[in-house]
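Read top to bottom, the protein sequences are chains A and B. Oh and the first sequence: position 116 is 112 in the numbering used here, straight run, nothing missing. Remember, the numbering used here sits 888 above the position in the second sequence when you count from 1. Cβ atoms here follow ideal geometry from the backbone N, Cα and C, with glycine treated the same way. Worksheet: one structure, shown below.
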Amino acid sequence: MSVEVSTSRPPAEPVLYGLLAEFDDPAALARAAAAVRQKGYTRWDAHSPFPVHGLDEAMGARRTRLPLIALIAGLCGLIGGLKLAWYTNASDLAFMPSFLRGYPFMISGKPVFSLPANIPVVFETTVLLAALGTVLGMLGLNRLPRLHHPLFASERFARATTDRFFIVIEARDPRFDRRAAAEFLRSLGAAAVEEVAEGPP
Amino acid sequence: MAVRPASMSPSLPDNTGEIPGQRAPLVLGGLDYAGLTDRVCSIPEQPTAPPAWWATLALAAAGLAGFLCLIGYLVSTGIGVWGNNQPVAWAFDITNFVFWIGIGHAGTLISAILFLFRQNWRTSINRFAEAMTIFAVMCAGIFPAIHVGRPWLAYWMAPYPNQMGMWPNFRSPLLWDVFAVSTYALVSLMFWYVGMIPDLATLRDRARTRMRRILYGLFALGWTGSAAHWRRFECAYLLLAGLATPLVLSVHSVVSFDFATSQLPGWHTTIFPPYFVAGAVFGGFAMVLTLVIPARTFFGLQEVITLRHIENMNKVLLATGCIVGYAYGVELFIAWYSGSGFERFAFANRMGGPMAWAYWIMVGCNVVAPQLLWSKFCRTNLWVTLFVAMCVNVGMWFERFVIIVSSLSRDFVPSSWGGFSPTWVDFGMLAGSFGLFFTLFMLFVRYLPIVAMAEIKHVMPAGHAGDAGRAG
């Protein structure tokens, strides 16, 4: 594929979002990512149709906080489940209004609260809240869902979910320079480099 | 691209052998990333569905319509329209519930447990199996809800503050069931959907019409395949797999507690939780095979869901079938060893009483039929596989029927014995639940990515055509 820079711009001169560089395969992407990081850029990202091995190391990514979120959510489920079972079936708080008041369930003369009999429900609430925390935490940390992204304007970028690999250096990067960055990306073996405009607000 | 009939698919190399030191290819036919995407996306992207799809959907939807009518009849008349009566208060309804919830377990096993064990062959079939899980749990959830008699009060099972000052009993296995099944349904749904987000984004980016772009775009949540997103996505997927693994083992254990915590001979056994879980995985794998074999042929997915995948599933079927057979044996041994006359009678009655026919169907389908799979010829022959899978589908339904009805009909006191004969509504609802399941399934195969493309690309090597898919 020929190396090219498309520079056709509408007359209104839209605000630049960043430079999009296309790569042929995951190995080229990982090599380029290491070089971009080496160069000192901070506002940039890689895009690929599937998680690429070694890319996180090449990008110097930190570990995600997601496991911590899942743990906290799971503990909330654990404590909440225990509290729920104890409150509704074993407590009797006189000051609560009647529709909110638990009462001791006497069943076959068994203790009103015993851990083993309550484990199944508590286990399920723990798993449920941990899973909800994981999914919502993942979406939240990723700032998803979002309805639009400037990159969606690029025809080329449509293949980022099929078989092509991309690096985007954003214009708000302190070291960003339109010409130098394009030159640099091409020197990394990009099959194409394209300017992407910030979409309509 | 139109659906390729089976006769047009190229003859594929045999990947069922084991070559020491070499991993068998998971994707055949030299598909590269784009080829794989084309092959999988061509199914939801056909402008018109093939007539066979319409025919199957029409049949399934007719079953669903009948099911809804029967539910309406049951709700408006009362559960006396079923054959259930004292002493057999649970019959087809709970049998269907346990049958369907068990089917779901194979989906979670494939998506979560095989993921944790790094069984990469799961990537070709996990989307399928997870969809099956969700649809099966939906079928399952209907039966206990309508069986409570006044289903419009089913919300009383939830612990919510109310003017009656009434709370559910948290020490009742039936309430454990409510929590276990609803948690299972929600977690399976999240697992399925989260895994599908990148593939929905692929469909969005390939969409040619505005409607498709909007709909797939909405459900893809703005996914861009960013490395930072993938990192958290993979972490979330691993966490969900880790959470779903104990969950799936707990769900059928809790279902078995419905029986095991009672005093009834034939139900009151400690072997039930592991026995039920093994049976669920067994029955679920049979259903995956029943669905996957026609679908891969019909949609031309032989390169992605290869004979090796079928063979691996058959091995799981054989192993779990043997566990189930062992459980049947242990059950009999413990009944004898317990020294309890009632226990001994319950099992003698199962094997030689008025419902012995059901017991021997169960043994024949679940224990004898899978023994065919010791032979490699049978494991790699699609017709034999389908035959065994159909046997297991039938056998696992009968297993639950035998456990429930034979134990209830003859308990301690002969004066309270009774029989059970199903009504046409019982049969209609069993058939109708298949209508619901297949309606959902046909819609799934037509409109959603039925193979996890991003996951398969992940296990394909970095190299392209020629040597594609050499990873294990």
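Candidates Leu1336(B), Lys1345(B), Met1330(B) and Val1339(B): which alpha carbon is nearest tryptophan 941(B)'s?
The residue you call residue 941(B) lines up with position 53 of the second sequence. Selected option, being the one with the closest Cα: Met1330(B).
Inter-residue Cα distance where the pair is valine 1139(B) and alanine 57(A):
Looking up residue 1139(B) in the second sequence gives position 251. Looking up residue 57(A) in the first sequence gives position 61. Spanning the two alpha carbons is a distance of roughly 37 Å.
Output the boundary residues of the beta strand (DSSP E) element that contains tryptophan 40(A).
Numbered from its first residue, the first sequence carries residue 40(A) at position 44. Unbroken beta strand (DSSP E) run through tryptophan 40(A): 40 to 43.
CB proline 935(B) to CB threonine 84(A), shorter than 8 Å?
Along the second sequence, read from residue 1 onward, the residue named residue 935(B) stands at position 47. Along the first sequence, read from residue 1 onward, the residue named residue 84(A) stands at position 88. Contact: no.
The alpha helix (DSSP H) spanning alanine 23(A) covers which residue range?
Position 27 of the first sequence, counting from 1, holds the residue named residue 23(A). 22 to 35 is the span of the alpha helix (DSSP H), which, as asked, contains alanine 23(A).
Measuring alpha carbon to alpha carbon, tell me which of Thr1194(B), Phe1265(B), Trp1155(B) and Ala1319(B) ends up nearest proline 913(B).
Within the second sequence, residue 913(B) is the residue found at index 25, counting from 1. By alpha-carbon distance to proline 913(B), the top candidate from Thr1194(B), Phe1265(B), Trp1155(B) and Ala1319(B) is Thr1194(B).
Inspect the beta-carbon positions of proline 1161(B) and serine 1144(B) and report whether they are closer than 8 Å.
Locating residue 1161(B) in the second sequence gives position 273, counting from the first residue. Locating residue 1144(B) in the second sequence gives position 256, counting from the first residue. In this structure, serine 1144(B) lies closer than 8 Å to proline 1161(B) by Cβ.
Under the three-state reduction of DSSP, which class applies to isoleucine 998(B): helix, strand or coil?
For the purposes of this step, residue 998(B) is identified with residue 110 of the second sequence, where counting begins at 1. In the structure shown, isoleucine 998(B) sits in a helix (DSSP, three-state: H, G or I).
Would you mind stating whether glycine 133(A) and alanine 86(A) have Cβ atoms separated by less than 8 Å?
Counted from its first residue, the first sequence places residue 133(A) at position 137. Counted from its first residue, the first sequence places residue 86(A) at position 90. No, the Cβ-Cβ distance between glycine 133(A) and alanine 86(A) is not below 8 Å.
Whole angstroms is fine: what's the gap from phenylalanine 987(B)'s alpha carbon to asparagine 1202(B)'s?
Mapped onto the second sequence, residue 987(B) falls at position 99. Mapped onto the second sequence, residue 1202(B) falls at position 314. Taking the straight line from one Cα to the other gives about 20 Å.
Whole beta strand (DSSP E) runs in the region 159 to 195 of chain A with 3 or more residues, listed along the chain?
161 to 166 and 188 to 193
How far does the beta strand (DSSP E) with glycine 14(A) in it extend, from its first residue to its last?
Translated into positions along the first sequence, residue 14(A) becomes position 18. Where glycine 14(A) is concerned, the enclosing beta strand (DSSP E) stretches over 12 to 19.
Mind checking threonine 130(A): buried by the 16 CB within 10 Å criterion, or exposed?
Here residue 130(A) refers to the residue found at position 134 of the first sequence. By the neighbour-count criterion, in which 16 or more other beta carbons inside 10 Å mark a residue as buried, threonine 130(A) falls on the buried side.
The region 1074 to 1085 of chain B: which residues have C-beta closer than 7 Å to a C-beta of chain A, in chain order?
Leu1074, Val1075, Met1078 and Val1082
Tell me, please, whether the CB atom of alanine 101(A) is closer than 8 Å to any CB atom in chain B?
In the first sequence, counting from the first residue as 1, residue 101(A) sits at position 105. According to the sequence as given, residue 101(A) is phenylalanine; it is not alanine. Yes, its Cβ sits closer than 8 Å to a Cβ of chain B.
Counting only the same chain and skipping the five closest in sequence on each side, list residues whose C-beta sits under 8 Å from that of arginine 1298(B).
Stepping through the second sequence from its first residue, residue 1298(B) is reached at position 410. Correct list, in chain order: Phe1233, Ala1234, Asn1237, Gly1241 and Trp1305.
Kindly indicate which three-state DSSP category serine 1226(B) falls into: helix, strand or coil?
As a first step, residue 1226(B) is located in the second sequence; it is residue number 338 there, counting from the start. Here serine 1226(B) sits in coil by DSSP.
Please say whether glutamate 1191(B) and arginine 1267(B) have beta carbons closer to each other than 8 Å?
Taking the second sequence and counting its residues from 1, one reaches residue 1267(B) at position 379. Taking the second sequence and counting its residues from 1, one reaches residue 1191(B) at position 303. No, they are not a contact pair.
Nearest to valine 1180(B) (by Cα), restricted to the options Lys1264(B), Trp1224(B) and Thr1273(B)
Numbered from its first residue, the second sequence carries residue 1180(B) at position 292. Distances from the CA of valine 1180(B) to each of Lys1264(B), Trp1224(B) and Thr1273(B) were compared; the closest alpha carbon is that of Thr1273(B).
Only counting the same chain, and skipping five residues up and downstream in sequence, which positions put a Cβ closer than 6 Å to that of serine 44(A)?
On the first sequence, residue 44(A) is found 48 positions in, with the first residue counted as 1. Within the same chain, serine 44(A) has close Cβ partners Phe161.
Is the shortest distance between the beta-carbon of arginine 1120(B) and the beta-carbons of chain A less than 8 Å?
Mapped onto the second sequence, residue 1120(B) falls at position 232. Yes, contact with chain A.
State the start and end residues of the unbroken alpha helix (DSSP H) segment that holds methionine 134(A).
Here residue 134(A) refers to the residue found at position 138 when the first sequence is read from its first residue. It spans 111 to 137 - the alpha helix (DSSP H) in which methionine 134(A) sits, taken as one unbroken run.
Can you tell me where the alpha helix (DSSP H) with serine 930(B) in it begins and where it stops?
For this step, residue 930(B) is matched to residue 42 along the second sequence. Counting along the chain, serine 930(B) sits inside the alpha helix (DSSP H) bounded by residues 921 to 933.
Throw me the rounded Cβ distance for the methionine 1341(B) and leucine 1004(B) pair, which I believe falls under 8 Å.
Translated into the one-based positions of the second sequence, residue 1341(B) becomes position 453. Translated into the one-based positions of the second sequence, residue 1004(B) becomes position 116. The pair is not a contact, with the Cβ atoms about 21 Å apart (cut-off 8 Å).
Taking arginine 1059(B) and alanine 113(A) to be in contact with their CB atoms under 8 Å, please state how far apart those CB atoms are, rounded to whole angstroms.
Residue 1059(B) sits at position 171 when you count from the first residue of the second sequence. Residue 113(A) sits at position 117 when you count from the first residue of the first sequence. Confirmed, Cβ separation roughly 4 Å.
Check whether the region 1154 to 1168 of chain B touches the region 96 to 107 of chain A, counting contact only when three or more Cβ pairs, one atom from each stretch, lie closer than 8 Å.
no
Could one say the Cβ of leucine 1041(B) lies closer than 8 Å to chain A's Cβ atoms, at least one of them?
For the purposes of this step, residue 1041(B) is taken as residue 153 along the second sequence, with counting starting at 1. For leucine 1041(B), the closest Cβ of chain A is not nearer than 8 Å.
Leaving out the 5 sequence neighbours to the left and right, which residues in its chain are closer than 8 Å to threonine 1178(B) when beta-carbon positions are compared?
For the purposes of this step, residue 1178(B) is taken as the residue at position 290 of the second sequence. Closer than 8 Å at the Cβ level, and outside the excluded window around threonine 1178(B), lie Leu1274, Ala1277, Met1278 and Asn1281.
Based on DSSP bridge pairs, tell me the residues matched to serine 1114(B).
Within the second sequence, the letter at position 226 stands for residue 1114(B). Answer by DSSP bridge pairing, in chain order: His43(A).
Beta-carbon proximity list for phenylalanine 1322(B), same chain, < 7 Å, skipping 5 on both sides
As a working mapping, residue 1322(B) is identified with position 434 in the second sequence. In its chain, beyond the 5 residues on either side, Gly951 have a beta carbon closer than 7 Å to the beta carbon of phenylalanine 1322(B).
For a cutoff of 8 Å on Cβ pairs, would you count leucine 1331(B) as touching chain A?
As a working mapping, residue 1331(B) is identified with position 443 in the second sequence. Taking Cβ atoms only, chain A never reaches closer than 8 Å to leucine 1331(B), which makes this a no.
Should glutamine 1051(B) and phenylalanine 95(A) be called a contact, given that it needs their Cβ atoms to be closer than 8 Å?
Reading the second sequence from its first residue, position 163 is the one you call residue 1051(B). Reading the first sequence from its first residue, position 99 is the one you call residue 95(A). Going by C-beta atoms, glutamine 1051(B) is nearer than 8 Å to phenylalanine 95(A).
Is any beta-carbon of chain A found at less than 8 Å from that of lysine 1264(B)?
By one-based count along the second sequence, residue 1264(B) stands at place 376. False, the Cβ-Cβ gap to chain A never drops below 8 Å.
In terms of alpha-carbon separation, which member of Ala943(B), Trp1248(B) and Tyr1125(B) lies closest to asparagine 1014(B)?
Here residue 1014(B) is taken as the residue at index 126 of the second sequence, counted from 1. The residue with the shortest Cα to Cα distance from asparagine 1014(B) is Tyr1125(B).
In chain B, what lies closer than 8 Å to arginine 142(A) by C-beta?
Sequence index remark: in the first sequence, residue 142(A) carries index 146 (1-based). What arginine 142(A) touches in chain B: Leu1109 and Gly1110.
Can you find a C-beta in chain A that's less than 8 Å from the C-beta of proline 1049(B)?
Here residue 1049(B) is taken as the residue at index 161 of the second sequence, counted from 1. At least one chain A Cβ lies under 8 Å of proline 1049(B).
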